[in-house]
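Just below is one structure, and these are the notes that go with it.
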Amino acid sequence: MNMTQTFETSTSADYYVRAAKLADVQAAGSLLQHIEKHTIALFYSDNKVYAIDNRCPHMGFPLQGSTCKDGIVTCPWHYARFDLASGGTFDSWADDVRAYEVKIKDGFVWVNLSPQVDSHLHQRQRLQDGLEQGISLVIAKSVIALLDMGADATEPFQIGLEFGTRYSKEGWSTGLTIHTCMMNLLPYLDAEDRPRALYQGLSAVARDSASAPPHFVVHPLPNSTIELNSLKGWFRSFIERRDREAAERCLVTAIRSGVDRQQIADMLFTAATDHRYIDAGHTLDSINKALEALDAVNWQGAESVLASLISGLANASRMEESNSWRYPVDLVEILESAFERLPVVLSEGQLQWGTWLGRDELVPILLGEDAFAIADALLTALRDGCTPEQLIGVVTYTAALRVARFHTNNDHGDWDTAHHPFTFANAVHQGLRRVPSSELLRGVFDAAMSVYLNRFLNVPPARLPEPKDLAENPEEILEQLPDLLDRQQQVNEVSQLVAQYLYSGGSSERLMAMLGKLMLRENRDFHVIQELEAAFRQYSLLGDTSVGVNVLVAAARYLASHSPTMRSQAQTYQMAYRLHRGDRLFEE
1 MNMTQTFETS
11 TSADYYVRAA
21 KLADVQAAGS
31 LLQHIEKHTI
41 ALFYSDNKVY
51 AIDNRCPHMG
61 FPLQGSTCKD
71 GIVTCPWHYA
81 RFDLASGGTF
91 DSWADDVRAY
101 EVKIKDGFVW
111 VNLSPQVDSH
121 LHQRQRLQDG
131 LEQGISLVIA
141 KSVIALLDMG
151 ADATEPFQIG
161 LEFGTRYSKE
171 GWSTGLTIHT
181 CMMNLLPYLD
191 AEDRPRALYQ
201 GLSAVARDSA
211 SAPPHFVVHP
221 LPNSTIELNS
231 LKGWFRSFIE
241 RRDREAAERC
251 LVTAIRSGVD
261 RQQIADMLFT
271 AATDHRYIDA
281 GHTLDSINKA
291 LEALDAVNWQ
301 GAESVLASLI
311 SGLANASRME
321 ESNSWRYPVD
331 LVEILESAFE
341 RLPVVLSEGQ
351 LQWGTWLGRD
361 ELVPILLGED
371 AFAIADALLT
381 ALRDGCTPEQ
391 LIGVVTYTAA
401 LRVARFHTNN
411 DHGDWDTAHH
421 PFTFANAVHQ
431 GLRRVPSSEL
441 LRGVFDAAMS
451 VYLNRFLNVP
461 PARLPEPKDL
471 AENPEEILEQ
481 LPDLLDRQQQ
491 VNEVSQLVAQ
501 YLYSGGSSER
511 LMAMLGKLML
521 RENRDFHVIQ
531 ELEAAFRQYS
541 LLGDTSVGVN
551 VLVAAARYLA
561 SHSPTMRSQA
571 QTYQMAYRLH
581 RGDRLFEE
C-alpha cells in the first residue's frame, strides 16, 4: 500500500533519516530502531506510521510493544497515555514524550531527528506544571534540563519564589525558607549537586503550596505622599494589634513609593523585634530569608514576596506571654531595662569602634547561668567599643556551641531546642550587616537570652574536639564521612572526624561541599537545611580559625543526629537525572 504522510511544520532545518522498511513496520505493528543515539519506537496505526521516543518520559519504561488504540499508546507500567501524533500526554504526571515527524518515501519510513519544540520554554512550563501539581519527578527533570541548557540557577529559583509566595496557606512558608537556603548553599556545593539542591527547594515549595488559594496583594494607599516615618509607625502599630490587612497596605505603599531596600528591611526587622523572640525566632529568620531571596532575583516581585511575611509577623507568638521567659527569672524585664540604656551605651561605644578584643572573656558569660550578668556583659561590650555586628557574631557563636556541646543523652527532640537560637542569631547577624539599626540590635539580646535558656542542654557538655592526632593525608579522613553518616548514632564520631580533618589542614571548601552532598542525599529536613546554611554562612565570616571549626562541628553533629533517612527523594532525583542522561533504564 502506498502512503504519503508528511508534517506541515517541516522546515529547512529538517534532518530526515531512513528508519525502517514500511512493510516491516506494518507487519510488526510496532518496531524499535536505534538511530544516531535516538531510540525510536515506530507504530503502525490507522494506516499511518508514527515515531516516538521509546522511553516513557515518566520513568523510562520502553514504549515499543505497548498497547495502541485509537491513536493513543499506553505505557504498561504506570498506564500513562500519549497521543501518538504529537507525543502529548493525557496524564500530566508523565510529561510529553518526544514525537518525530515521519515521511514515507519509496517504501521506507523516514524520521526527522531535528527538534520541533523550544526546549527551554517547554522545560519552564513543565517546572510550572510540577509546582502546580506537586510532582517531584517533573520538578527534578525540568531543573536538570534547564541548568544543562545553560540557564542560570536564578531562573528556576525565581519561578519557585513567585509560585510559593502567590500560593501559600499562611504566607511565607518553611518551603520558601528551604528554597532560599538551597539557593544560598549553591556556591558551597559541587557543580553536580546544585541541580539537586534546587530540586529539593522547589519540591518543598510545591508541598507547602498544595491546594492553597492564591494570595492577592492589597493595593497601596492612593496618591500616597506619606512620609516613611509615618508608614513605619503605622506598620508597627498594626502588627502590634495583629491587623494583617492594614499592615500589608502600609508595606506595599512603602514599596510602591520607591522607599529604598534598606529602609524596607528596617521596617520589617523593627516590627519583628518590638516583641521578644517571636515565634521562637522563625519570624525574623523568615524576614531575613525573604530579603535574601529578593537579593538573588534583584528584588523582582518584591511586593508579593514581602507581603507574604505579614501573616507570620501579625500572628506570631510573643515570648512576653511565655512562662519560660517570665519565670523563675523575668527575662523580659531584664531586657526592657537593658534597652533603656542602649542609646547612651551606643553613643559612648561608637567612639571606640574597632578597638574591642573581648570575645574570649564574653563567651563564658553568655554560656553562664546568670541572666542579669549576660545583659550587663552585652551592654559593657557595646560601651567598650564592640560593634553591633561583632556582638551578634559572638552571640551566634555561643548558640553554635550549644549544638556543638549538645550531649547525646538528651532527648532527641531537644536538638531542635538547641538549633533555634543558632539560626535566629544568624538571621539577626545577616540582618545587622544589611541594616545596622538600634531596633534590630534588640534581637542580639533576644538571641543571648534564648542561648541562656538552653544551658541545661549542655549538662554535662559534650567535649569539643581538640587539634590532636593530626593526619598526614586529611583527604583520606574525609572519604570516611559518607560511611559514618550511613549509620545511626555517629554524632561524636562525625564531630571528631570533621575537627581532625580541618586541624590537619584539610580544605574547608571540600568539607562544606561534602556536608552539603550528604545533606542532599537525605530526605528534606527543614532544621537540618537551616543548620547547615547558617553554619556555612558563619564559617565564611569566621574563616579558618578554631572558632570556625567549632561552628562546622556543630553543623556536622546536627546532620549526623538526623541521618540516615529513607532517602526516597534522592531516588526520585536520581531517576530524573538518568532519564535526562538518556539511560535505558528498563531495556535489555
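Taking the numbering used here, the leading residue of the sequence shown gets 1, the next gets one more, and so forth.
Yeah, the Cβ is synthetic: ideal placement off N, Cα and C, and Gly gets one too.
Residue span of the alpha helix (DSSP H) that contains residue i, given as start and end
i      : result
Ser508 : 508-520
Phe456 : Counting along the chain, Phe456 falls outside any alpha helix (DSSP H), and DSSP gives it neither H nor E.
Gln574 : 568-581
His122 : 119-133
Asn112 : Where Asn112 is concerned, there is no enclosing alpha helix (DSSP H), although the beta strand (DSSP E) it sits in stretches over 108-112.
Ser561 : 546-561
Asp285 : 282-296
Cys250 : 244-256
Sequence-distant residues of its chain with Cβ nearer than 7 angstroms to residue i (five each side left out)
i      : result
Ala373 : Ile365
Ala13  : Ser114
Trp33  : Per the sequence presented here, residue 33 reads as Gln, with Trp not at that position. Ala19, Ala20, Ile40, Leu42.
Phe339 : Arg442
Thr398 : Val363, Leu366, Leu367, Val451
Leu198 : Val143, Ala153, Pro156, Phe157, Met182
Gln26  : Tyr44
Ser568 : Asn523
Thr417 : Asn454, Leu457
Where residue i falls: helix, strand or coil (DSSP)
i      : result
Lys232 : helix
Cys75  : coil
Trp93  : helix
Pro214 : strand
Val435 : coil
Phe61  : coil
Ala19  : strand
Ile40  : strand
Tyr503 : helix
Ala13  : coil
Ala99  : strand
Ser209 : helix
Glu8   : With a pLDDT of only 41 at Glu8, under 50, the local geometry of the prediction cannot be trusted, and no value is derived from it.
Whether residue i touches residue j by CB criterion (8 angstroms)
i      : j      : result
Leu579 : Gly29  : no
Ala314 : Val305 : no
Ala204 : Tyr167 : no
Val17  : Trp77  : no
Tyr452 : Pro474 : no
Leu541 : Leu559 : no
Glu303 : Val252 : yes
Ala427 : Leu518 : no
Leu511 : Phe445 : no
Asp129 : Ser92  : yes
Ala513 : Leu309 : no
Ala140 : Thr565 : no
Leu440 : Phe235 : no
Ala296 : Leu331 : no
Gly104 : Val49  : Sequence check: residue 104 is Ile here, not Gly. Cβ atoms of Ile104 and Val49: closer than 8 angstroms.
Glu389 : Arg433 : yes
Gln538 : Ala400 : yes
Asp384 : Gly349 : yes
Pro57  : Val97  : yes
Ser507 : Ala471 : no
Residue span of the beta strand (DSSP E) that contains residue i, given as start and end
i      : result
Phe406 : Per DSSP, Phe406 belongs to no beta strand (DSSP E) and is neither H nor E.
Cys181 : Careful: Cys181 lies outside any beta strand (DSSP E), inside the alpha helix (DSSP H) at 174-185.
Gln33  : 30-35
Arg81  : 81-83
Lys105 : 102-105
Lys48  : 48-53
Cys68  : 67-69
Residue i CB to nearest heavy atom of the ligand ADP below 7 angstroms
i      : result
Leu515 : Questions concerning the ligand ADP fall outside what the structure shown contains, since it holds no ligand whatsoever.
Cβ neighbours of residue i in the same chain (closer than 8 angstroms, five flanking residues each side left out)
i      : result
Asp414 : Phe406, Leu457
His219 : Arg249, Val252
Gln496 : Pro465
Phe216 : none
Cβ neighbours of residue i in the same chain (closer than 6 angstroms, five flanking residues each side left out)
i      : result
Phe163 : Leu131
Ile159 : Leu127
Ile72  : Arg81
Arg318 : His275, Ile278
Val394 : Arg359, Leu362
Ala99  : Ile52, Ser86, Gly87
Cutoff 8 angstroms: residue i Cβ touching any chain E Cβ
i     : result
Val97 : Any reference to chain E falls outside this structure, which holds one protein chain only.
Take every Cβ of the stretch 275-282, pair it with every Cβ of the stretch 147-161, and state whether three or more of those distances are shorter than 8 angstroms. Short answer: they don't touch.
With three or more C-beta pairs closer than 8 angstroms as the rule, is the stretch 402-409 touching the stretch 460-468? Taking a contact to require three or more Cβ pairs closer than 8 angstroms, the stretch 460-468 and the stretch 402-409 qualify as touching.
Taking 8 angstroms as the threshold, find out whether the stretch 319-327 comes into contact with the stretch 283-291 through three or more Cβ pairs. No, the stretch 319-327 is not in contact with the stretch 283-291.
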